[in-house]
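Quick notes on the structure that follows.
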Ligand SMILES: Cc1cc2nc3c(=O)[nH]c(=O)nc-3n(C[C@H](O)[C@H](O)[C@H](O)COP(=O)(O)O)c2cc1C
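Numbering (the working numbering), first residue to last: 20 to 162.
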């Protein structure tokens, strides 16, 4: 059974809904899933999995949340060399630029973004958005 760690930060709950739906999808496809708020886990603990999914909404000016998620991700980043990681998050008024920058950081560190791009959803996931998250979870479980 593949082990999936899902680690997220959220302010208003939208990215947490995404994380929960990814977890549901992965569990339904047989993965051993653990889900953590970023404040609950260290980068070293996060890496103890076959597959990693990281979630953070667009914050600041098209950036990762700076006080908890960014320090966690900055420490994790060198360890992503040679690994595949799924990225996801909710955004508001932008066009997803924060996710483009996030993807580029993973790639520049020698990592691979699962399926080539992160999953982004505008504001609170609706039924279609929740289905997209569940499908991502299923794909991660089978990867
Ligand atoms: C301080 C702050 C900065 C934000 N910056 C951006 C931004 O640069 N681009 C964007 O598309 N949305 C931005 N947003 C909107 C959030 O990404 C959006 O509300 C998202 O759904 C929040 O996800 P969450 O519920 O997981 O916290 C910002 C929101 C806040 C509160």
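Positions of the beta carbon are idealized from the N, C-alpha and C atoms, including for glycine.
query: Neighbourhood of residue 148 by C-beta distance below 6 Å, restricted to the same chain and skipping five residues each side; result: 140
query: Touching by the beta-carbon criterion (3+ pairs, under 8 Å), the segment 85 to 96 and the segment 107 to 117; result: no
query: Bridge partner(s) assigned by DSSP for residue 74; result: 27 and 107
query: Nearest-angstrom beta carbon gap, residue 62 and residue 23 [assumed within contact, 8 Å]; result: Residue 23 to residue 62, Cβ: 16 Å. No contact.
query: Alpha carbon of residue 91 to alpha carbon of residue 57, nearest angstrom; result: 7 Å
query: Straight-line Cα distance separating residue 123 from residue 98; result: 15 Å
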